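Note that the working numbering gives residue 190 to position 176 of the sequence shown, counting from 1, and the numbers run on in steps of one.
Ideal Cβ placement from N, Cα and C applies to all residues, glycine included.
None of these values were measured; they are calculated from a predicted model.
Some notes on the structure that comes next.
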Amino acid sequence: MQRKWPFFIKYIEVILIIILFIKIGGYFSIVEERSVNQVFKTISRIGMTLAISFIHLKLTRFGCLSYISHKNILAPILYVGYLLLGFLSFSWSTNWQYSALQWLMTFESFVFVYIFYRVISMINEYFPARRVNLTKLFTWAFFPIMIIFIIGSFVEPSIFYRGMRGGEEMRLGGWIMNPNELGMLAGIGGAMSYLYIQASKKKIWGLLMMVAAVYILLMTSSRSSAIGFVMIMGILILKSENKRLKGAMIVVGIIVIPVLINFVVFKADGGVEEVMSMTGRLPFWKALLNEGIVREPFFGYGFMRINYTEYFQGLNTYPAKMTHNTFMQVLMNLGFVGFFIAFWQLMATIRNYRKNKKSDYSSFFIAVFIPVLINSFTEFGIFGEANYGILFYQFLILLFVVEIRKNLTNREGLKAAFFQSRLKGLDP
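Here it is as structure tokens:
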């Protein structure tokens with residue numbers, strides 16, 4: 015009688031979806047009380063890193079050989095350099111405890127992503143019948159979040175909506191999540207749904223996911239996220255070999271672009287002036303350059319710090335704790351040295367994509383990269399305070415890096431052959 019596969023291998027895809035869902039959920043606020051949220055976020059994020067580490071341990075104990083190789087390593091090396099400089103900045107930060115907390119959350123998510131990729135690599139190498147697809151994982155991990163916000167928008171609108179412009183405009187997100195951040199998540203979710211529809215035989219779930227994501231995107235009224243979503247869909251559809259789809263895209267574009275321009279530029283009570291000033295951010299950024307960075311030009315004020323005090327306020331600007339631009343943020347945090355490292359790290363990540371354009375995950379890269387990058391110009395972004403945009407970017411940094419090593423020594427080859435013979439005795 016054949017032995018059956020262990021439960022955690024048989025249902026590995028579901029387990030990974032749940033882990034990713036909870037990990038992303040750890041960036042949301044569940045109550046208005048800040049201390050409770052901090053406990054929830056800490057437990058959920060670190061808990062999922064421990065969970066994926068446990069899965070990795072179970073796989074190695076089962077006999078999976080973790081002969082991992084690393085390629086395209088410049089991007090992760092530069093990212094580690096960015097983290098190392100951030101760690102050293104504790105010594106000159108005027109609030110090293112806050113800098114350390116932000117650094118630890120960024121470092122912890124990077125560890126999570128690395129182990130996550132190791133698990134996927136081992137599963138896909140040794141259990142091809144249980145092959146894991148990253149696009150499918152993301153699509154299904156996002157879907158419950160979309161459903162929660164859709165239901166909440168009808169059941170508890172006072173919680174799930176945030177009043178803007180003195181209550182004249184209501185944006186989905188509430189105190190649970192910044193509407194622009196939620197819009198970014200919806201944009202990525204919509205693009206992932208499109209990729210899922212293309213790859214799946216059963217289209218109905220993908221269509222439902224797409225509808226849910228687009229609804230969330232519209233309800234957040236996020237200009238940047240809307241632009242990002244349209245850009246992604248345009249690129250992905252133009253990459254498609256389906257001529258009908260391309261023709262339909264042109265027709266839809268003719269209809270949608272005027273509406274998008276009206277939404278982005280002439281948004282109700284927003285005004286062209288508001289758009290041209292990036293909703294008031296440009297004067298603040300100018301003040302940061304003229305009055306802020308000149309005091310600490312080389313190494314900045316410390317990791318996630320933009321001033322000696324908690325807030326920065328220019329002579330003619332509002333006070334703020336963050337820059338609302340990830341590149342300005344890293345410049346203020348770590349000075350021109352940190353900015354130089356971060357810039358070339360981003361270039362190295364893009365280079366990895368260009369080298370792997372024919373990879374199955376090239377469309378996945380586009381679907382995540384464009385919304386995250388656009389969001390980085392107006393919100394926390396990839397080098398900002400802890401947010402799931404950083405988590406998604408870390409997935410891109412390591413996307414083309416981790417894989418099972420093919421060139422084995424004689425001893426390693428014997429171990430691999432013995433393990434494969436063991437697997438043949440299991441009933442899938």
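- Across the structure, Arg145 and Leu186 are spaced so that their CA atoms are roughly 36 Å apart.
- Residue state for Ile44 is assigned as coil, using DSSP reduced to three classes.
- Of the other Cβ atoms in all chains shown, fewer than 16 fall within 10 Å of the Cβ of Pro333; this residue is therefore exposed.
- Counting along the chain, the unbroken alpha helix (DSSP H) around Ser435 starts and ends at 424 to 438.
- DSSP links Val416 through a beta bridge to His84.
- Contact between Thr323 and Pro297 is ruled out by a C-beta separation of about 20 Å, above the 8 Å threshold.
- Residues Met160, Phe163, Ala200 of the same chain have their beta carbon placed closer than 6 Å to that of Ile230, with the five preceding and five following residues left out of the count.
- Contact annotation, Tyr140 with Leu437: C-beta distance approximately 7 Å; criterion of less than 8 Å satisfied.
- Taking C-beta atoms under 8 Å as the contact rule, Asn339 and Phe391 qualify, at a distance of about 6 Å.
- When secondary structure is reduced to three states using DSSP, Leu186 falls in the strand class.
- According to DSSP, residue pairing for Ala334 in a beta bridge involves Phe326.
- Judged by DSSP secondary structure, Arg176 falls within the beta strand (DSSP E) whose first and last residues are 175 to 178.
- If you draw a straight line from the Cα of Ile44 to the Cα of Asn51, it is about 6 Å long.
- Looking at the DSSP output, Lys215 bridges to nothing.
- With a cut-off of 8 Å on Cβ pairs, the stretch 385 to 402 is not in contact with the stretch 98 to 105, counting fewer than three such pairs.
- Within the same chain, Cβ atoms closer than 7 Å to the Cβ of Ile384 are found at Gly242, Met245, Ile246, the five residues on either side in sequence being excluded.
- Burial check for Trp189: the Cβ neighbour count within 10 Å stays below 16, so the residue is exposed.
- Taken through DSSP and simplified to helix, strand or coil, Lys300 comes out as helix.
- Where Met191 is concerned, there is no enclosing alpha helix (DSSP H), because DSSP gives it neither an H nor an E.
- Bounds of the alpha helix (DSSP H) holding Arg368 are 340 to 369.
- Taking the Cα positions, Leu97 is about 16 Å away from Gln111.
- Thr153 is not a Cβ neighbour of Gly100, given a cutoff of 9 Å.
- Leaving aside the five residues that flank Ala400 on each side, the residues in its chain whose CB is nearer than 7 Å to its CB run, in chain order, Gln116, Met119, Thr120.
- For the 9 Å CB-CB criterion, Ala205 and Ala381 form a contact.
- The DSSP-derived three-state label of Lys18 is strand.
- Where Met119 is concerned, the enclosing alpha helix (DSSP H) starts and stops at 110 to 140.
- For Ser172, the three-state secondary structure derived from DSSP is helix.
- Straight across, the Cα-Cα distance linking Pro311 with Gly349 is about 5 Å.
- If you ignore the 5 residues before and after Thr363, its C-beta comes within less than 7 Å of the C-beta of Ala89, Leu410, Ile411, all in its own chain and listed in chain order.
- In this structure, the beta-carbon distance from Tyr375 to Leu148 falls below 9 Å.
- Using a Cβ distance threshold of 9 Å, Met346 and Ile320 count as a contacting pair.
- Setting aside the 5 residues that flank it on each side, Ile36 is surrounded in the same chain by Ser58, Met62, each with a C-beta closer than 7 Å to its C-beta; the list follows chain order.
- Sixteen is the threshold: when 16 or more other Cβ atoms of the shown chains lie within 10 Å of the Cβ of Ala155, as they do, the residue is buried.
- Judged by their CB atoms, Ile211 and Gly220 are nearer to each other than the 9 Å cut-off.
- Distance check between Lys429 and each of Tyr93, Ser236, Leu79 places Leu79 closest, using alpha-carbon atoms only.
- Looking at the backbone, the Cα of Ile29 and that of Glu47 are separated by about 30 Å.
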